[in-house]
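Input: a single structure, listed below in structure tokens.
Number of protein chains: 2
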Amino acid sequence: MGNQELNDLRKQVEDVNLRLLELINERGRLVQEIGRVKETQGVNRFDPVRERDMLNIIKEYNDGPFENATVEHIFKEIFKAGLDLQQENHQKALLV
Amino acid sequence: MGNQELNDLRKQVEDVNLRLLELINERGRLVQEIGRVKETQGVNRFDPVRERDMLNIIKEYNDGPFENATVEHIFKEIFKAGLDLQQENHQKALLV
Numbered sequence: 001m002g003n004q005e006l007n008d009l010r011k012q013v014e015d016v017n018l019r020l021l022e023l024i025n026e027r028g029r030l031v032q033e034i035g036r037v038k039e040t041q042g043v044n045r046f047d048p049v050r051e052r053d054m055l056n057i058i059k060e061y062n063d064g065p066f067e068n069a070t071v072e073h074i075f076k077e078i079f080k081a082g083l084d085l086q087q088e089n090h091q092k093a094l095l096v
Numbered sequence: 097m098g099n100q101e102l103n104d105l106r107k108q109v110e111d112v113n114l115r116l117l118e119l120i121n122e123r124g125r126l127v128q129e130i131g132r133v134k135e136t137q138g139v140n141r142f143d144p145v146r147e148r149d150m151l152n153i154i155k156e157y158n159d160g161p162f163e164n165a166t167v168e169h170i171f172k173e174i175f176k177a178g179l180d181l182q183q184e185n186h187q188k189a190l191l192v
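Line by line, the protein sequences are chains Y and V. Under the numbering used here, the letters of the first sequence match residues 1 to 96, in that order. Under the numbering used here, the letters of the second sequence match residues 97 to 192, in that order.
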């Protein structure tokens, strides 16, 4: 019984992993697009106030089981990856 | 024009953030459940081979814009948060 249950739960985790991957990359595409728009406007890409606002909204909606500090830590990594992506695009644009 | 476009994209990012939050916590609940099942079986919670397998599947499905190394880094943080959650539950169980 326990093994069947374990296999079932693991399959669900695999499924969630791939949905997370999809969303992380969707976020990456949006952030790239934002970088392009900002580029044409000559606006700075990194906006610490907006990042703080996003984290506040996320923590407001967080109903666990992860604590806010954990969720914040994971999202900061996701945000950082997005900024790096914008930075790479920016440098490629300069090289063209 | 640019500002409207920027606002639109930002709204989409906010939406993706909350869907990510939902999935991260869904994964947390599943991992907690797996920890409980393993507990009754006396099986070790951390399974490095399974973590490696999950990362391999994730990288196989990754079609960018994030590179595999970035995706792997983010998922390792998510995996670690899940293990910490199992650990906390385990310690609470011992204290009861």
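The C-beta atom is built at its ideal place from N, Cα and C for all residues, glycine as well.
Same chain only: Cβ atoms within 8 Å of residue i, ignoring 5 sequence neighbours per side
i              : result
residue 90(Y)  : 35, 39 and 45
residue 124(V) : 177, 178 and 181
Partners in chain Y for residue i, counting only beta-carbon separations shorter than 9 Å
i              : result
residue 167(V) : 21, 24, 25 and 81
residue 109(V) : 27, 30, 31, 34, 54 and 82
Cβ neighbour criterion (16 or more within 10 Å) applied to residue i
i              : result
residue 139(V) : exposed
residue 160(V) : exposed
residue 50(Y)  : exposed
residue 116(V) : buried
residue 182(V) : buried
residue 158(V) : buried
residue 105(V) : buried
residue 56(Y)  : exposed
residue 113(V) : buried
Chain V within 8 Å of residue i, Cβ atoms only
i             : result
residue 7(Y)  : no
residue 42(Y) : no
residue 95(Y) : no
residue 62(Y) : yes
residue 98(Y) : What is shown of chain Y runs 1 to 96, which leaves residue 98(Y) out entirely.
Proximal chain Y residues relative to residue i, where beta-carbon distance stays under 7 Å
i              : result
residue 112(V) : 23, 26, 27 and 30
6 Å Cβ shell around residue i - same chain, five flanking residues per side excluded
i             : result
residue 30(Y) : none
residue 15(Y) : none
residue 66(Y) : none
residue 23(Y) : none
8 Å Cβ cutoff, residue i in contact with chain Y
i              : result
residue 142(V) : no
residue 133(V) : yes
Neighbourhood of residue i by C-beta distance below 7 Å, restricted to the same chain and skipping five residues each side
i             : result
residue 58(Y) : 71 and 75
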